[in-house]
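Position 80 (the sequence shown) corresponds to 717 in our numbering; numbering is contiguous.
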Amino acid sequence: MAASPPVEITPEILLRAYAAGIFPMAEDASDPSIFWVEPRTRGVIPLDGVHVSRSRAKTLRQERFEIRIDGDFDAVVAGCAAPADDRDKTWINARIRRLYGELFDRGHCHTVEAWRDGRLAGGLYGVRLGAAFFGESMFHRETDASKVAFCHLAARLRMGGFALLDAQFVTDHLATLGAVELPRAAYQRLLDRAVAGEATWSLDPLTGRDVLDILG
């Protein structure tokens, strides 16, 4: 009996995977395959516990960066996939770029971008499902660009009534932003409530002072 062909991952399957608590990765950019990840402990960033340092608050007030929402998905993903000081390879391969590009076209994937002098200085992207937002990756080419983009994301999520900001894993960097770990069962309960909820993703602009006021 011939083996069954592998199931093609579609945007619909990808969204069902997120609702079940799993997400895809690749070994590196040159690997065409994708594998599913379900961490034993999950990183989340409580939206009422986002850390904003004094220096970051100052940068926000200075409006050093122009923040754009959903402006250039391809450029953000390319920035996230590029080599950086803290990594020499990426888990973002061509299949992942295509899949998340389709989610972006359908309104389920979003970017927060920090621009300066007409140049993309940093940003992030993630997936929206119900009242849950799953942060995928971020990058910076200038100091504080990704952190400012993150603060704008967190404020937008609080303003829109989101119940979950998923960070996948807690890194030293994410811990400085307020990330904590949850056991799988506790995460799944939080996830189920968030996915079943409703929230609003707004394209309305926010100033740095708006962000600080919303984050408290």
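Virtual Cβ for every residue (Gly too), placed ideally from N, Cα, C.
**Report entry** Among Ile682, Trp673, Glu664, the one whose alpha carbon lies nearest that of Tyr824
**Finding:** Taking the first residue of the sequence shown as position 1, residue 824 is located at position 187. If we check each option's Cα against that of Tyr824, Ile682 comes out closest.
**Report entry** Where Ala833 falls, given that 16 or more other Cβ within 10 Å makes a residue buried
**Finding:** What you label residue 833 is simply residue 196 of the sequence shown in a count that begins at 1. Exposed: under 16 other Cβ atoms inside 10 Å.
Report task. Quickly, what does DSSP pair Trp673 with across the bridge? List them, please. Result -> On the sequence shown, position 36 is the one that residue 673 refers to. Trp673 pairs with Pro661.
Query raised in the report: For the beta strand (DSSP E) that contains Ala758, what are its first and last residues?
Result: Indexing the sequence shown from 1 puts residue 758 at position 121. Annotation: the continuous beta strand (DSSP E) that includes Ala758 extends over 756-766.
Query - Residue span of the beta strand (DSSP E) that contains Leu802, given as start and end - result: Within the sequence shown, residue 802 is the residue found at index 165, counting from 1. Counting along the chain, the unbroken beta strand (DSSP E) around Leu802 starts and ends at 801-805.
Query raised in the report: Where Phe770 and Ala657 are concerned, what is the direct C-alpha to C-alpha distance, given to the nearest angstrom?
Result: Here residue 770 refers to the residue found at position 133 when the sequence shown is read from its first residue. Here residue 657 refers to the residue found at position 20 when the sequence shown is read from its first residue. Going from the Cα of Phe770 to the Cα of Ala657 covers about 14 Å.
**Report entry** Assigned secondary structure, His688 (DSSP; H/G/I helix, E/B strand, else coil)
**Finding:** In the sequence shown, the residue the question calls residue 688 occupies position 51. His688: coil per DSSP, three-state reduction.
Query raised in the report: Straight-line CA distance for Asp754 to Pro842?
Result: As a working mapping, residue 754 is identified with position 117 in the sequence shown. As a working mapping, residue 842 is identified with position 205 in the sequence shown. Asp754 and Pro842: Cα-Cα distance of roughly 18 Å.
Query raised in the report: In chain order, what residues of the same chain lie with their CB nearer than 8 Å to the CB of Asp668, ignoring the 5 residues before and after it?
Result: Position 31 of the sequence shown, counted from the first residue, corresponds to residue 668. Answer for Asp668: Asn730, listed in chain order.
Query raised in the report: What is the C-beta distance between Glu835 and Ala768, in whole angstroms, given that I count them as a contact (C-beta under 8 Å)?
Result: Stepping through the sequence shown from its first residue, residue 835 is reached at position 198. Stepping through the sequence shown from its first residue, residue 768 is reached at position 131. At roughly 6 Å, the Cβ-Cβ gap stays under 8 Å, so Glu835 and Ala768 are in contact.
Query raised in the report: How long is the line joining the alpha carbons of Gly716 and Gly680, rounded to whole angstroms?
Result: As a first step, residue 716 must be located in the sequence shown, where it is residue number 79. As a first step, residue 680 must be located in the sequence shown, where it is residue number 43. Approximately 23 Å, taken between the alpha carbons.
Query raised in the report: When burial is assigned at 16 or more other CB atoms within 10 Å of the CB, is Asp711 buried or exposed?
Result: What you label residue 711 is simply residue 74 of the sequence shown in a count that begins at 1. Classification of Asp711: exposed, given that the 10 Å Cβ count is below 16.
Requested in this report: Could you tell me which residues DSSP pairs with Ser774 in its beta bridges?
Outcome: By one-based count along the sequence shown, residue 774 stands at place 137. In the DSSP output, where bridge partners are listed per residue, Ser774 has Tyr762.
Query raised in the report: What separation, rounded to the nearest whole angstrom, lies between the Cα atoms of Arg734 and Thr727?
Result: As a working mapping, residue 734 is identified with position 97 in the sequence shown. As a working mapping, residue 727 is identified with position 90 in the sequence shown. Distance between the alpha carbons of Arg734 and Thr727 is about 12 Å.
Query raised in the report: Quick one: Cα of Ala822 to Cα of Arg756, how far?
Result: Against the sequence shown, residue 822 aligns to sequence position 185. Against the sequence shown, residue 756 aligns to sequence position 119. Cα to Cα, the separation comes out at about 42 Å.
Query raised in the report: Can the beta-carbon of Thr748 be found closer than 8 Å to that of Gly708?
Result: On the sequence shown, position 111 is the one that residue 748 refers to. On the sequence shown, position 71 is the one that residue 708 refers to. Contact: yes.
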